[in-house]
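Worksheet for the structure shown next.
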Amino acid sequence: MGTVVRDYMIPANDFTVAGEASSRVRKILTQLGVSPDIVKRTSIAMYEAEINAVIHGNGGNAHVEIDENKIYIRISDEGPGIPDLELAMQEGYSTAPDSIREMGFGAGMGLSNIKKNADILDIQTEVNKGTTVNITVFFNRP
Amino acid sequence: MEQEYFHSVTLDKGRCKGCTNCIKHCPTEAIRVRSGKAVIIKERCIDCGVCIRVCPYHAKQAVTDPVDMIKNYSYRIALPAPSLYGQFGPGYSRERIVLALKHYGFDYVFEVARAAEIVSNASEKYMKNGVVKKPVISSACPAVVRFIQIRFPNLIDNLLKIEAPMEVAAAIARKEVHEKYGIPDDKMGVFFISPCAAKVTSVKVPLGNQKSKVDGVLSMKDIFLPLLDIMKKQGEVTKEPFSLSSAIGVAWAASGGESDAVREGRRIAVHGIHNVNDILEQAVQGGLDNIDFIEALACPEGCLGGPLAVENPFIAKVNLKYEIEKIRQNQAHRVPRTENADEFVWKSKVEYKPIMKLDDDMMKALEKMQKIDEITEGLYGLDCGACGAPSCRALAEDIVMGSAKETDCIFKLREKVSSIATQLQQIE
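Chains V and R, in that order, give the protein sequences.
Be aware that the first sequence starts at 173, since it is given in the working numbering, and climbs by one per residue.
Be aware that the second sequence starts at -6, since it is given in the working numbering, and climbs by one per residue.
Structure (structure tokens):
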């Protein structure tokens, strides 16, 4: 079975390259003929997770697997972890410092945005160890 | 001309040296060098004119209509793009230029700047009604619209669904001439005086509406010298200036003009197709949700930097600025913003053109993608362009899609030759 695999580095605190991985994945999905709506949902979910890793997680990496039914994205960092995941999932809740907010990020919409756009969202997090965000988007959702 | 993929941008084979300049700069990777000459992949070309600008041998050209075409019509209407006013320098006022157009052979001049104001009014209204998807992206630049059609299908719904000023100008001019002089529609020839190659394509293969109301597109380059000649002979205009468009419409010629005219919300003005790409990338990822309007122009400095403009865009900008200041001091000549724009809303849909797709069958597309990955891995990653493709990855795609072979890469060829040489030695 055909599976396309990609791995990307996500550098810490470097906003100039933030979003590069999700942009590349968007191009791949377009080449594969995935419908624009699905491409958009995937792209937004991945972008938010990527930005989170840049802002909060001291960077990390993105692992992507695409087969004919779905795309699976795993974004992991070795950052501070999320102490209260339920709280963090709430819209508007943010721990981003003012400097980040001034750049237009850190509005507290990241995780809820991922949840909204992903078909499956699974977050593994441990304080002082890091966070792994697992996102799955199906191409033929009923 | 009934071709889906007609293009204004074409290649003069005789001049082409087969170098890598155009293939490296094309924003949609639409050019390859095959057998020593550039070839434009028609489905991918958006007529942005980047290749015209970067070709050191001037082998890339924009096909426009010949100026003599106006002779085919008994009543001739000129639609000068506002960028025309930036081409001539101090002393050559807008009034002088418009009079020169009449002297040149046009019976009626309708400034596209006036239509631009109408489009600006409509844009404001459109954005106030609240149901539009933000950020609203201007559809005035045809190259950007086509770029969105092939690269950013998710942004199609964000496009401002109002016809570009050129079409609006053509429609109103036809109406005015008919009402004032009773000239029948088929006797009129409507000509856009253009800095832009993509507009030629827009007329031959219209985007939103079915048939263009423009009959011909004349290059600013072709009409520049004759106009200059006429103006020199006529001298300064001494008459009172007649009613022309306001500063708002004239400012559309440069980057920022259109977004300044839409007085609604937070607006971005981006110019140069690669910069446009960066902004659209952000927009598609939801990173521009705090922006209300995006003016995106494919040419550097906007239409003043169009491939058919004569003057350097930075100099043209100074000329235009001078003209705009003059108009602003003379508010009495401002055209009231009353015209109704509802009739200029797009009637048909702008469709996604999935030309980047590897295969209609997802399984096959995945297999092709894997093969492309494998081949790319085996290439040297120099992106030198010597094979005729803009990057190693593009070559790998071409190989898998059947339009190139691995030994088009000179390093791969060298590997192969040296392995053959080794085999020959072993035979001895």
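We put the CB at the ideal spot given by N, CA and C, even for glycine.
Predicted, not measured: the structure shown is a model, and the values here were computed from it.
- Note: D208/R is not bridge-paired with any residue in the DSSP secondary-structure output.
- Note on geometry: alpha-carbon atoms of E304/R and D222/R lie some 16 angstroms from one another.
- Distance from the Cα of A358/R is smallest, within the candidate group A55/R, V393/R and K340/R, for V393/R.
- Close partners of T308/V in chain R (Cβ separation under 8 angstroms) are lacking, with about 17 angstroms as the shortest Cβ gap.
- The continuous beta strand (DSSP E) containing I261/R extends over residues R260 to H264.
- I186/R and L4/R have their C-alpha atoms spaced approximately 22 angstroms apart.
- Taken through DSSP and simplified to helix, strand or coil, I238/V comes out as strand.
- For P183/V, the closest Cβ of chain R is not nearer than 9 angstroms.
- With a minimum length of 3 residues, the unbroken runs of beta strand (DSSP E) contained wholly in the region -3 to 68 of chain R fall at 2 to 4, 24 to 27, 30 to 33 and 53 to 55.
- By the Cβ-count criterion, Q416/R is exposed, with fewer than 16 other Cβ atoms from all chains shown falling within 10 Å of its own Cβ.
- Counting along the chain, E288/R sits inside the beta strand (DSSP E) bounded by residues F286 to L290.
- Only exposed fits I308/R, as fewer than 16 other CB atoms lie within 10 angstroms of its CB.
- Between the C-alpha atoms of G302/V and I247/V there is a straight-line separation of about 11 angstroms.
- Proximity of chain R to D179/V at the Cβ level (cut-off 8 angstroms) is not reached, the minimal Cβ distance being about 12 angstroms.
- Closest in C-alpha terms to P73/R, from the list L237/R, V32/R, G395/R and A289/R, comes L237/R.
- Under DSSP, Y101/R forms a beta bridge with I70/R.
- Shown here, D401/R sits in a helix according to DSSP, grouped into three states.
- If you look at T369/R, you'll find it in the alpha helix (DSSP H) that goes M355 to G371.
- Neighbourhood of K212/V in chain R, by CB distance below 8 angstroms: N147 and V277, in chain order.
- Within chain R, the C-beta atoms nearer than 8 angstroms to that of D239/V come from L359, in chain order.
- Within chain V, the C-beta atoms nearer than 8 angstroms to that of D352/R come from G205, in chain order.
- In this structure, V236/V and V177/V form a Cβ contact; the two beta carbons are roughly 7 angstroms apart against a cut-off of 8 angstroms.
- Minimum Cα-Cα distance from S248/R among the listed residues I266/R, E257/R, S239/R and G258/R corresponds to I266/R.
- Nearest CB-CB separation between V176/V and chain R: below the 9 angstroms threshold.
- Taking CB atoms only, K242/V has no neighbour in chain R less than 9 angstroms away.
- The alpha-carbon of S131/R is positioned some 9 angstroms away from that of S252/R.
- A residue is called buried once 16 or more other Cβ atoms fall within 10 Å of its Cβ, and V26/R is buried on that count.
- N241/V counts as exposed, since fewer than 16 other beta carbons sit within 10 angstroms of its beta carbon.
- Y174/R carries a helical assignment under DSSP once its states are collapsed to helix, strand and coil.
- No Cβ-Cβ contact shorter than 9 angstroms links E104/R with I241/R.
- Per DSSP, F185/R is one residue of the beta strand (DSSP E) stretching across M181 to S187.
- Looking at the DSSP output, N233/V bridges to M181/V and S248/V.
- For the options R46/R, K168/R, K319/R and K53/R, the alpha carbon positioned closest to that of K30/R is the one of K53/R.
- When Cβ-Cβ separations below 9 angstroms define contact, P347/R makes contact with chain V.
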